[in-house]
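Data first, discussion second: the structure below is written as structure tokens.
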Ligand code: GLY
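Residue numbers (this note's numbering): 11 to 292.
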């Protein structure tokens, strides 16, 4: 476990998937908003470029599937920790078909595959916050207690606590890790309440950074050789007040990433990749 903590945020590979045209009209969403498909695709291509060229990860790019409008949100289909990949059973029936291709890609990368086959279980990766020391699993419209139990079985080295998600889609719709021991959290009442529960349930102490906008609290933290602390976060245009808070993070390589169109279908930054730290020997 100590080894995993020392490498918190260290990634070598990312799995991403293309944006199908069906995302614009058929992807699940909580609000009606017109999606500009070209822009969604451009924003996604820019995101992949950042991960690949600027950060130097090896990126496995899977093709979009028109029959799976939400397939770009690969995070929901798998939870990877160390060399184990838990293939989830997504809460939305229309998304269950997304897991097969992700499973194949993760298997090819040499990860040990554990599948969530219990038909009573549901779990979306967007509900899973791994802090480096433990897991928090949001119980939401998409993830249930049985899903959390199966996750706990798959990652036995770590404590797993559940947190009610009373508003928004997923746990990580209002929080994410901003570094080792640092939780980024939105300022809404439900986000703050969830944080309090996480703090009460944990044996560890976490620092927090509160952002005015819940969605801006979904960032991607990495710790990369030659780059140090890296944070991919929403742009100033999207969330000017939250941007000002993030700018205060010292010693970080801060990389703003546009995500306006996928956000219209409840897709945040973490949703669009599965990150892996692949040991040279696996
Ligand atoms: N559109 C993302 C989701 O609802 O799962």
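Glycine included, every Cβ here is placed at the ideal spot set by N, Cα and C. Nothing here was measured: the structure is a model prediction, and the numbers come from that model.
Taking contact to mean at least 3 C-beta pairs separated by less than 8 Å, is the region 106-116 in contact with the region 78-94?
yes
Please list, in chain order, all residues of the same chain as residue 154 whose beta carbon is under 7 Å from its beta carbon, the five residues on each side excluded.
Counted from its first residue, the chain shown places residue 154 at position 144. Here the set comprises 131, 132.
Just grab the DSSP bridge partners of residue 260 for me.
Locating residue 260 in the chain shown gives position 250, where the first residue counts as 1. Looking at the DSSP assignment, residue 260 forms no beta bridge with any residue, so it has no partner.
Mind reading off the beta-carbon distance from residue 17 to residue 288? Whole number of angstroms is fine, and I expect it under 8 Å.
Along the chain shown, one-based indexing puts residue 17 at 7. Along the chain shown, one-based indexing puts residue 288 at 278. 11 Å between Cβ atoms; not a contact.
Between residue 47 and the rest of its own chain, which residues show a CB-CB distance below 8 Å, the 5 nearest in sequence each way excluded?
Counting from one through the chain shown, the residue named residue 47 turns up at place 37. Closer than 8 Å at the Cβ level, and outside the excluded window around residue 47, lie 29, 31, 33, 34, 271.
Exposed or buried, what is residue 79 when buried is set at 16 or more other beta-carbons lying within 10 Å of its beta-carbon?
The residue you call residue 79 lines up with position 69 of the chain shown. Result: buried.
Output needed for residue 277: all residues of its chain with C-beta closer than 6 Å, excluding positions within five of it in sequence on either side, in chain order.
Taking the chain shown and counting its residues from 1, the one referred to as residue 277 is at position 267. So the qualifying residues of the chain are 83.
Excluding the 5 residues flanking residue 199 on each side, which residues of the same chain have their C-beta closer than 7 Å to its C-beta?
Residue 199 sits at position 189 when you count from the first residue of the chain shown. Here the set comprises nothing.
For residue 283 and residue 25, which I take to be in contact (beta-carbon distance under 8 Å), what is that distance rounded to the nearest angstrom?
In the chain shown, counting from the first residue as 1, residue 283 sits at position 273. In the chain shown, counting from the first residue as 1, residue 25 sits at position 15. Confirmed, about 7 Å.
Sufficient close CB pairs (3 or more, under 8 Å) joining the region 224-238 to the region 188-206:
yes
Is residue 181 near ligand 1, judged by its Cβ being under 6 Å from some heavy atom?
For the purposes of this step, residue 181 is taken as the residue at position 171 of the chain shown. No; taking the cut-off as 6 Å, the Cβ of residue 181 has no heavy atom of ligand 1 nearer than that.
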